[in-house]
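Below you'll find the structure, written out as structure tokens, and then a few comments.
This is the structure we're talking about:
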């Protein structure tokens, strides 16, 4: 079921996986990371964020790790998420698919720049 | 404050989501609130949150639970039913209270509906004759409520209601034209308790329970009187003489000696007459209660009671409605007195005036007044039509008063539902409209009661009814007497409505 939900991969889910590609993050951390990597264009709301996290967890593309505190955000324990190897693989193939698209777009002179 | 609002909004999510991520969502809200201060950032925060709600709440409700997937997979694998609890939180007190209130409301509603259903008695049940003697074998030209007052030859007795109010005329010259009206007026339905009062008030109480002595003298008296009445009054002179001779011959040969009592004697004589001419309206009757000397005119109270009874029964219009496909449906269980029921009949016909086809349901119609037959038939024509009535000589009432002002049914397809219990006046309606090719009869062959009789008192306990008129039939030589009216479409009475509706629908213009 989750595989159907993730095919095609929703933008929010892909952004979350990209955010987790660098480091393990809690929810708010993911939100901030996504905002940062999209220049503030995507600000995931709690509903969308946790709904996507749930889907990714069910598909075993991410996993929950031991809760811990985030020193910069007070002493509340937070759930942290980590990209699994399957998630990393899927994120890579999704990136490659997008790269292919980019290549096609450039070859059609829609987008400037060299071929990747 | 804003956190409280957000916490409240979180309740819009399914409980499963709230349980797993509610705290984290609230925490994320707090984090953002702390980091995004100032009017514009706060505005943007709320804009984000509301947009997020709009998108994610529906998605969460449509999310397929993994348990459901595994449940169906489980069923497929071994076929053994099992249960999964999707929500493991206990029911809240609010939910319990709501459930209780809903259950109580449903219980009350059901019991009220059931109660209502039991109390509902269809009008047809009220109209069915309750007297054994006035059952389907009785063939007088009168609606059920009035029929109780007519004689019943096959029983050899007069029905109890007739004994209460034996009002049939004894003077033939007065009877012939007014016959149907006499029958019709005969028996306003009376409550049982009224019986003794009625009898006493009519001066017949003196010999209420006098036993009749059925000796040779009495038998001879009855036979001779019956033979004389036949010779004087029966419509068919040849048969009248033959029947009179037969009665006398049977008496002479001692055939009548076997009759043990009055009822048996009356039945025997009726049988002897019908051997010569099988006429169901020809009957000799016995009444244990003495018959009054003179016919009694209905008192104003009787008439008032009769009118009241008719009105209570909606003039026996049991059902008037528009069926699907705009088919008018009129279920009429008698043809009652026009002077009482004209308005009811008019309003019934007005309410189906816009119909594209019309169904008259006469399956339980036991007859009535020829005037009402003509009154109802008038709606089916745009010009006056002659209606044949074997009981009456041709009068002004033999013609329909068509066209009826404002009537739009004159050219609409019309169907009449019949049964073996469709009798007398109802058969006249069927027969005439069938002969005029104006209706399609659907159902069973009707009862076959064509002639009506005139009552002749012989003595305190015996009397006889005989047909005395013969109208000219413009359509064919035979009417429905004895044989009934054959339907155009023969189906069981129970299926007649369905069949007629299908026929009507097939004739309606397709849209």
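Residue numbers (the working numbering), protein chains in the order written: chain R, 1 to 116; chain Z, 117 to 627. Even glycine gets a Cβ: it sits at the ideal position worked out from N, Cα and C. Owing to the predicted nature of the structure, the values given are computational and were not obtained by experimental measurement.
Taking all protein chains shown into account, do 16 or more other C-beta atoms lie within 10 angstroms of the C-beta of residue i, making it buried, or fewer, making it exposed?
i, result
"residue 257 of chain Z", "Bear in mind that the predicted position of residue 257 of chain Z carries a pLDDT of just 40, short of 50, making it too unreliable to give a figure here."
"residue 399 of chain Z", "buried"
"residue 51 of chain R", "buried"
"residue 74 of chain R", "exposed"
"residue 285 of chain Z", "Here residue 285 of chain Z scores only 33 on pLDDT, less than 50, and its place in the model should not be relied on; the value that follows carries that caveat. Counting Cβ neighbours within 10 Å, residue 285 of chain Z comes out buried, since at least 16 surround it."
"residue 506 of chain Z", "buried"
"residue 428 of chain Z", "exposed"
"residue 409 of chain Z", "exposed"
"residue 528 of chain Z", "buried"
"residue 596 of chain Z", "buried"
"residue 254 of chain Z", "Caution is warranted here: a pLDDT of 35 is assigned to residue 254 of chain Z, below 50, making its placement in the model unreliable, and the coordinate value is therefore given only provisionally. It is buried - the Cβ of residue 254 of chain Z has at least 16 other Cβ atoms within 10 Å."
"residue 492 of chain Z", "buried"
"residue 309 of chain Z", "Only weak support exists for where residue 309 of chain Z lies, its pLDDT of 37 falling under 50; the value from the coordinates is given anyway. By the 10 Å Cβ count, residue 309 of chain Z comes out exposed."
"residue 304 of chain Z", "For residue 304 of chain Z, the pLDDT reaches just 35, beneath the cut-off of 50, and the residue's location in the model is therefore unreliable, leaving the point undetermined."
"residue 215 of chain Z", "exposed"
"residue 550 of chain Z", "buried"
"residue 454 of chain Z", "buried"
"residue 36 of chain R", "exposed"
"residue 443 of chain Z", "buried"
"residue 514 of chain Z", "buried"
"residue 229 of chain Z", "exposed"
"residue 359 of chain Z", "buried"
First and last residue of the beta strand (DSSP E) that includes residue i?
i, result
"residue 162 of chain Z", "Taken as a continuous stretch (DSSP letters only), residue 162 of chain Z belongs to no beta strand (DSSP E), being part of the alpha helix (DSSP H) at 155–178."
"residue 108 of chain Z", "The question about residue 108 of chain Z has no answer here: the residues shown for chain Z are numbered 117 through 627."
"residue 67 of chain R", "62–69"
"residue 572 of chain Z", "570–573"
"residue 145 of chain R", "No information on residue 145 of chain R is available, as it lies outside the stretch 1 to 116 that chain R covers here."
"residue 557 of chain Z", "556–559"
So the alpha helix (DSSP H) residue i belongs to, where does it begin and stop?
i, result
"residue 124 of chain Z", "118–126"
"residue 73 of chain Z", "Shown here, chain Z extends from 117 to 627; a query on residue 73 of chain Z therefore has no answer."
"residue 368 of chain Z", "353–368"
"residue 18 of chain R", "11–22"
"residue 56 of chain R", "46–58"
"residue 30 of chain R", "27–37"
"residue 347 of chain Z", "332–349"
With a cut-off of 8 Å on the beta carbons, I'd call residue i and residue j a contact; round off their distance for me.
i, j, result
"residue 579 of chain Z", "residue 451 of chain Z", "With 8 Å as the limit, residue 579 of chain Z and residue 451 of chain Z do not qualify as a contact, their Cβ atoms being about 26 Å apart."
"residue 477 of chain Z", "residue 446 of chain Z", "7 Å"
"residue 602 of chain Z", "residue 561 of chain Z", "6 Å"
"residue 24 of chain R", "residue 82 of chain R", "5 Å"
"residue 122 of chain Z", "residue 165 of chain Z", "7 Å"
"residue 559 of chain Z", "residue 533 of chain Z", "5 Å"
"residue 96 of chain Z", "residue 448 of chain Z", "In the structure as shown, chain Z begins at 117 and stops at 627. Residue 96 of chain Z is therefore absent and cannot be evaluated."
"residue 34 of chain R", "residue 20 of chain R", "With 8 Å as the limit, residue 34 of chain R and residue 20 of chain R do not qualify as a contact, their Cβ atoms being about 10 Å apart."
"residue 557 of chain Z", "residue 604 of chain Z", "5 Å"
"residue 111 of chain R", "residue 55 of chain R", "The Cβ separation is near 30 Å, so there is no contact."
"residue 363 of chain Z", "residue 342 of chain Z", "6 Å"
Mind listing the chain A neighbours of residue i? Cutoff is C-beta to C-beta under 8 Å, in chain order.
i, result
"residue 611 of chain Z", "Here chain A cannot be found, since the structure's protein chains are R and Z."
Subject >> Length-filtered (3 minimum) beta strand (DSSP E) runs lying within the segment 485–554 of chain Z >> reply: 530–534
Subject >> Proximal residues, the segment 168–181 of chain Z versus chain R, C-beta separation under 7 Å >> reply: 168, 169, 171, 172, 173, 175, 176, 180
Subject >> Members of the segment 66–80 of chain R that neighbour chain Z once the beta carbon cut-off is set at 8 Å >> reply: 73, 76, 78, 79
Original post:
For the segment 36–50 of chain R, which residues have a CB atom closer than 9 Å to at least one CB atom of chain Z, in sequence order?
Top reply: 43, 44, 45, 46, 47, 48, 49, 50
Original post:
Listed in chain order, which residues of the segment 2–32 of chain R have Cβ atoms closer than 7 Å to some Cβ of chain Z?
Top reply: 27, 28, 31
Original post:
Using a beta-carbon distance cut-off of less than 7 Å, what residues from the segment 138–163 of chain Z approach chain R?
Top reply: 140, 141, 143, 144, 145, 147
Original post:
Quick one: complete alpha helix (DSSP H) runs, 4+ long, within the segment 401–430 of chain Z?
Top reply: 416–428
**OP:** Return the chain-ordered ranges of every alpha helix (DSSP H) run that is complete within the segment 433–478 of chain Z and spans a minimum of 4 residues.
**Re:** 454–467
Subject >> Short-range partners of chain R found in the segment 420–453 of chain Z, where Cβ spacing is below 8 Å >> reply: none
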